[in-house]
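In the UniProt record's numbering, the protein residues as written are 1 to 232.
Don't be surprised by glycine CBs; every beta carbon is placed ideally from N, CA and C.
Scroll down for the structure; my scribbles are underneath it.
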């Protein structure tokens, strides 16, 4: 593959991935190589390569002789991601508590300032997407401050279903963004005060906010999910 072809394929892959992650392409929706090729004005080869890459990440399902579909959201996979996040990120937060500098705290404050402005965004979809990006920036910064960004990269490299679930909940629940922002303030305060005991309380609560608030929403849109469990 030439460098130009590789860049084209990569650009298409990134565009489609974002559309899947932020639910512009909905779970279960069919997607055609031919139509996608027309849309991007390219041959089927880079489209096919992008589709295969998305399939390898669990974002597309390619069914021979049937078609290609955006994968449904895997709730079991989300539970696994949250388990890892709770154990690993809490350890990182505990390491930072009491050792974080004022300059480092300011970096977190700047991110939270942008989040606060997003609470005034009238377009629910735009607010939902941009808040997820900013939320990820906030938590990534925590790992950076602890010198653990590679661990963050590993965690987020397996969280595609979780990211889509977050987008789903953020759109469906008009009040969740305010709740998440307020929880970031609590995490910030606990870090600033060096209160490991508070972090052990507020961080798990924050991590599972989406699951708690989104449980009922799952039953309103069951077609988005592989299974709707009896109890979330």
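- [ ] With residue 54 as the anchor, note down where its alpha helix (DSSP H) starts and where it stops.
- [x] 44-56
Open item on the list: On the criterion of 16 or more Cβ atoms from any shown chain inside 10 Å, does residue 170 qualify as buried, or is it exposed?
Closed with: buried
Open item on the list: For residue 149, which residues in the same chain have their Cβ closer than 6 Å to its Cβ, ignoring the five residues on either side in sequence?
Closed with: 143
Task: Cβ-based burial, residue 270 [other Cβ within 10 Å; buried from 16] - done: The structure shown does not extend to residue 270, since the chain spans only 1 to 232, so no value can be given for it.
Open item on the list: So the candidates are 114, 189, 167, 197; which of them puts its Cα closest to the Cα of residue 137?
Closed with: 114
Open item on the list: Within the continuous alpha helix (DSSP H) that includes residue 151, where are the two ends?
Closed with: 149-156
Open item on the list: Cutting at 8 Å between CB atoms, please list the residues of its own chain near residue 174, excluding the five before and the five after it.
Closed with: 124
Task: DSSP beta-bridge partners of residue 69 - done: 30, 61
Open item on the list: Measuring straight from C-alpha to C-alpha, what distance separates residue 100 and residue 192?
Closed with: 7 Å
- [ ] Would you grab the beta carbon distance between residue 96 and residue 203 for me? Rounded to a whole angstrom, and I think it's under 8 Å.
- [x] In fact, because the Cβ distance is near 11 Å, the residues do not count as touching under 8 Å.
Task: Presumed contact (8 Å Cβ cut-off) between residue 20 and residue 68, rounded CB distance - done: About 12 Å; that fails the 8 Å criterion.
TODO: Look at residue 166 and residue 132 and say whether their C-beta atoms are less than 8 Å apart.
DONE: yes
TODO: Starting from residue 210, follow the alpha helix (DSSP H) in both directions and report where the run begins and ends.
DONE: 209-220
Task: Same chain, Cβ closer than 8 Å to residue 178, neighbours up to 5 away in sequence not counted - done: 119
Open item on the list: Counting C-beta neighbours from all protein chains within 10 Å, is the total for residue 134 16 or more, i.e. buried, or is it exposed?
Closed with: buried
- [ ] Answer with buried or exposed for residue 160, where buried requires no fewer than 16 other C-beta atoms within 10 angstroms of its C-beta.
- [x] buried
TODO: Would you mind working out which of 210, 60, 51 sits nearest residue 78, comparing C-alpha positions?
DONE: 210
- [ ] Decide if residue 8 is buried, meaning its Cβ has at least 16 other Cβ atoms within 10 Å, or exposed.
- [x] buried
Task: Runs of alpha helix (DSSP H) lying entirely within the stretch 130-197, each at least 4 residues, in chain order - done: 149-156, 160-172, 176-193
TODO: Determine the direct distance from the alpha carbon of residue 44 to that of residue 34, and round the result to whole angstroms.
DONE: 7 Å
Open item on the list: Here's the rule: buried if 16 or more other CB atoms are within 10 angstroms of the residue's CB, otherwise exposed. What is residue 74?
Closed with: buried
TODO: Measure the alpha-carbon distance for residue 23 versus residue 12 and round it to whole angstroms.
DONE: 16 Å
Open item on the list: On a Cα-Cα basis, can you pick out the residue from 66, 16, 93 that is closest to residue 184?
Closed with: 93
TODO: Mark residue 214 as exposed unless 16 or more other C-beta atoms lie within 10 angstroms of its C-beta, in which case mark it buried.
DONE: buried
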